[in-house]
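Under this note's numbering, the residue at position 169 of the sequence shown is numbered 581, and the numbers go up by one with no gaps.
Where a beta carbon is used, it is the ideal one built from N, C-alpha and C, also for glycine.
Report on one structure; see the data block that follows.
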Amino acid sequence: MTNTLAIYPGSFDPITNGHLDLIRRGSRIFSRLVVAVLTNAEKQPLFTVEERVAMLEEVTRGMSNVSVDTFSGLLVDYAKRRNAGAILRGIRAFSDYEYELQMALTNRKLEPSLETVFLMPAESYGYLSSRLVKEIFSHGGTVKDMVPPAVERRLREKMEAGRARPVAARRR
Ligand code: PNS
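Right under this line is the structure:
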């Protein structure tokens with residue numbers, strides 16, 4: 413294990429089993445791993461930052477070297493404030509590569525001493541994304557093996573609150 417604090421940044425709207433798999437892998441490589449939720453993203457999230465942080469905290473509770481935080485502005489500035497030595501990102505399919513390469517090289521240009529480390533999630537999560545989870549759930553499909561039970565529960569609560577109702581229910 414390297415004596416390095418790593419930041420795993422993202423939207424996590426919501427955290428999937430693929431994210432969780434990556435957190436587990438990262439926590440075995442780095443001495444400390446901070447999962448950092450971007451607060452000023454342009455996208456319209458389903459879950460508030462507070463809800464996303466609460467879900468992340470719940471599912472990483474047993475991991476002693478993992479913590480959850482939020483950040484706004486540039487990732488490299490946040491990493492500097494935290495004294496981080498690395499950024500952790502996941503690459504699933506080939507299609508992720510271009511976007512991730514662009515981000516990693518931009519971050520390197522902004523802060524050459526900060527390395528981006530890519531890990532692959534387990535093959536079985538190679539197709540998973542938060543966007544698809546939300547889409548499947550909003551159409552009444554099951555996301556049982558795609559997200560931790562705590563997230564499935566929160567999705568159900570959101571649906572009951574009327575924000576992500578299945579299409580079938582909306583037509584009635
Ligand atoms: O899970 P996501 O939405 O793909 O995560 C993207 C994220 C949060 C890692 C990226 O948008 C980010 O780092 N934003 C902060 C702003 C920034 O530093 N931009 C310049 C580097 S690309």
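Item	Value
Out of K492, L500 and L517, point me to the one whose CA is closest to V478's CA.	L500
Mind listing, in chain order, the continuous alpha helix (DSSP H) runs of no fewer than 4 residues lying wholly within the region 421 to 450?	429 to 441
Tell me which residue opens and which closes the alpha helix (DSSP H) that D508 is part of.	F506 to L522
May I ask you to report which of helix, strand or coil DSSP gives L526?	coil
May I ask which residues mark the beginning and end of the beta strand (DSSP E) holding I499?	A498 to G502
If distances are taken between C-alpha atoms only, which option among P421, N415 and T416 comes closest to E512?	P421
Would you check if the region 430 to 441 and the region 522 to 539 touch, i.e. whether three or more CB-CB distances between them fall below 8 Å?	yes
Any heavy atom of the ligand PNS inside 7 Å of the beta-carbon of L445?	no
Please say whether G497 and L417 have beta carbons closer to each other than 8 Å?	yes
Quick one: what does DSSP say D557 is sitting in, helix, strand or coil?	coil
Smallest Cα separation from S507: which of V488, L458, L540 and V480?	L540
Could you check which residue in R504, T482 and D489 has the C-alpha nearest to that of A453?	T482
Between the region 545 to 556 and the region 564 to 576, do three or more beta carbon pairs fall short of 8 Å?	yes
Could you check if R505 is buried or exposed, using at least 16 other CB atoms within 10 Å of its CB as the buried criterion?	Correcting the residue identity first, residue 505 is Ala in this sequence and not Arg. A505 is exposed by the Cβ-count criterion.
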